[in-house]
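First up is the structure itself, then whatever we jot down about it.
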Amino acid sequence: METPAAPTPTSHFFTSLRTRLHYLDWGNPSAPPLILVHGGFDHARSWDWTARALGGDYHVMAVDLRGHGDSGWSSDGGYMMSSFVYDLAQMIDMIGSGKVTIVAHSLGAAISLRYAGLCPERVERLVAIEGLGLSPARLQEKAEMPVVEQWREWIDLRRATLRKPIRKLASIEAAVERMRARNDHLSVEQALHLTIHGTNRNEDGSYGWKFDPCLRDWSPGTGIEQELPAFWGRITCPVLLCLGLDSWASNPVKDGRIAHFRDARLAEFADAGHWLHHDQFDRFIAELRAFL
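Residue numbering for the sequence shown follows our numbering, beginning at 279 and increasing consecutively.
What follows is the structure, given as C-alpha cells:
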C-alpha cells in the first residue's frame with residue numbers, strides 16, 4: 279500500500295458540547311453518506327486509503343474525535359464516552375435526516391456501536407473494527423477491583439500525566455520510528471503518512487503528537503462496559519465485526535458477545551493486529567465492499 283495520492287479532502291468544523299471539532303469531506307455529496315471514525319490516539323487522515331477506495335460510491339466524511347487530530351481538547355481533560363457519542367450524534371444530525379453508513383475502528387467503533395443502539399433508525403450498515411472493548415474475562419477481573427481503589431488509581435495516574443512534560447520528538451524520522459514501534463505491521467510509507475498528519479511542530483523545532491495526553495487516563499465508569507449488551511441488542515442494521523488474529527482483542531464468536539447482536543457476522547484477518555485496516559488493507563477493502 280503506497281502513500282495516498284490525490285484527490286484530497288476539504289476541512290470543515292462544527293461545534294459540539296462547546297468544543298470545536300474537525301472533519302474531512304471527500305466530496306461526492308449526491309452519494310449516500312458514509313462516516314469514518316478513527317480509534318484512540320489516531321486521527322481522521324488515517325482513513326485516507328479507505329476514503330479514496332470508497333469515494334466513488336459514497337459521500338465519505340472522516341471525523342477527528344475530540345482531543346484528537348485537529349479537533350479541540352476538552353477544557354478539563356475529561357473524556358467521557360457520553361461526550362463522544364453526543365459528538366457523533368451531532369455530526370450525523372448535521373449531515374441530514376437520512377441514514378448513514380459507519381466504518382469505525384477501536385474507540386471509534388465503541389462510540390459508533392453505542393450510537394447505533396441509541397438511534398438504530400439512523401444507521402444503514404456498520405463496520406466495527408475491534409470495538410467491543412474488554413473481553414468478558416477481563417471485565418470480570420476489572421469488576422473484582424474495589425471501586426474506591428479504581429478511583430484512587432485514576433487520580434494518581436491523572437496527576438502523573440498532568441505533571442509530566444509533553445513528549446517531544448526530535449524529528450519526523452524519530453516520530454515515524456515511534457509509530458512503527460507501536461505497530462510493526464506498518465510500512466515506512468504508511469507510518470510516514472500517519473505521522474505527518476498526526477504531529478504538530480513545536481516552537482523549538484521538535485515535534486509532538488496532536489492527541490491530548492489526558493486521553494491516556496480514562497476516568498472510572500467512562501465506558502460502563504457492563505451496559506454494552508443493552509446497546510448492541512438494539513442495533514437493527516447489519517453489522518460486520520472485524521478481528522485481527524495477531525491482536526490483543528478477544529474473539530466475539532468464541533467469547534459469546536456476538537450473540538447480543540441481531541444481525542452480525544465476524545471477519546477475521548490473518549497476519550494483522552489491532553490496526554487490521556492498515557495491516558491487510560486489500561483484504562479489508564474486499565470485505566468492506568462485499569458487506570456494503
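Ideal Cβ placement from N, Cα and C applies to all residues, glycine included.
The beta strand (DSSP E) enclosing residue i, as first and last residue numbers
i, result
"Y301", "T297 to D303"
"M339", "H337 to V341"
"L332", "L332 -> not in any beta strand (DSSP E); alpha helix (DSSP H) instead, spanning D326 to L332."
"T477", "T477 to R479"
"V517", "V517 to G522"
"P307", "Run containing P307: none; DSSP gives neither H nor E here."
"A542", "A542 to F547"
"L493", "Careful: L493 lies outside any beta strand (DSSP E) and carries neither H nor E."
"W487", "Y485 to W487"
"I313", "P311 to V315"
C-beta atoms of residue i and residue j nearer than 7 Å
i, j, result
"V582", "Y301", "For residue 582 there is no data in the structure shown, the boundaries of the chain being 279 and 570."
"Q558", "A550", "yes"
"F569", "L519", "no"
"V590", "S390", "Here the chain covers residues 279 to 570 and nothing more, so residue 590 does not appear."
"W432", "P498", "yes"
"Y485", "A537", "no"
"G386", "G317", "yes"
"N478", "K488", "yes"
"P507", "D541", "no"
"R458", "L464", "yes"
"Y357", "L447", "no"
"H321", "G347", "yes"
"I563", "A331", "yes"
"T286", "D303", "no"
"N461", "W553", "yes"
"S413", "D533", "yes"
Supposed close pair residue i, residue j - CB separation, criterion 8 Å
i, j, result
"G350", "R298", "4 Å"
"E408", "G522", "7 Å"
"R561", "F539", "In fact, because the Cβ distance is near 22 Å, the residues do not count as touching under 8 Å."
"M372", "F292", "6 Å"
"L417", "E505", "Contact doesn't hold; Cβ gap of about 11 Å is too wide."
"D352", "G345", "Residue 352 is actually Ser in this sequence, not Asp. Rounded, the Cβ-Cβ distance is 6 Å, consistent with contact."
"Q468", "H556", "6 Å"
N-terminal and C-terminal residue of the alpha helix (DSSP H) that residue i is part of
i, result
"S294", "No alpha helix (DSSP H) holds S294; the beta strand (DSSP E) holding it covers T288 to S294."
"W510", "L506 to W510"
"F562", "F559 to F569"
"I474", "V466 to I474"
Cβ of residue i within 7 Å of any chain D Cβ
i, result
"A527", "As a matter of chain content, chain D is missing from the structure shown, which is built from one protein chain."
Quiz item: Should the segment 470-481 be regarded as contacting the segment 378-389, the criterion being three or more beta carbon pairs within less than 8 Å?
Solution: no
Practice problem: Evaluate contact between the segment 337-352 and the segment 425-434, counting only Cβ atoms and requiring at least three cross-stretch pairs below 8 Å. | Solution: No, they do not touch.
Quiz item: Should the segment 361-368 be called in touch with the segment 391-407, which here means at least 3 C-beta pairs below 8 Å?
Solution: Segments in contact, yes.
Quiz prompt | Cβ contact (3+ pairs, closer than 8 Å) linking the segment 525-534 and the segment 432-444 | solution = Touching, no, given that fewer than three Cβ pairs across the two stretches are closer than 8 Å.
Practice problem: Starting from the N-terminal side, write out each stretch of the alpha helix (DSSP H) that is 4 residues or longer and does not extend beyond the segment 428-463. | Solution: 450-460
Quiz prompt | 3-residue-minimum beta strand (DSSP E) runs that sit fully inside the segment 361-426, ordered along the chain | solution = 378-383 and 401-407
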